[in-house]
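Just add 87 to the spot in the sequence shown (first one is 1) and you have my numbering.
Working notes, beginning with the structure itself.
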Amino acid sequence: MEAPFDTGTWDGVTGAIFAGFGSSEIVWIGLCYLCVLAAMILGWRHEKHAYDAARSGKH
Numbered sequence: 088m089e090a091p092f093d094t095g096t097w098d099g100v101t102g103a104i105f106a107g108f109g110s111s112e113i114v115w116i117g118l119c120y121l122c123v124l125a126a127m128i129l130g131w132r133h134e135k136h137a138y139d140a141a142r143s144g145k146h
């Protein structure tokens with residue numbers, strides 16, 4: 088993804104630089120959602136294991 092301006096320095100840049108929804112942005116958004124989902128599932132499993140161990144006295 089290239090910058091939407093032609094200058095070689097930052098002196099001529101004004102306004103927003105974000106080019107909008109690109110062709111691969113949906114892939115990164117999906118990957119981020121999958122990472123969050125995996126973190127939630129793994130965290131839930133860890134907390135359940137820790138809770139069960141503390142409850143049974145095997146910590």
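Backbone N, C-alpha and C fix where the C-beta goes; we use that ideal spot for every residue, glycine too.
Separation of M127 and D98 (C-alpha to C-alpha, rounded to the nearest whole angstrom) is 44 Å.
In the DSSP annotation of this structure, the continuous segment of the alpha helix (DSSP H) that includes K135 starts and ends at E112 to S143. Distance between W131 and A137, taken at the CA atoms: about 10 Å.
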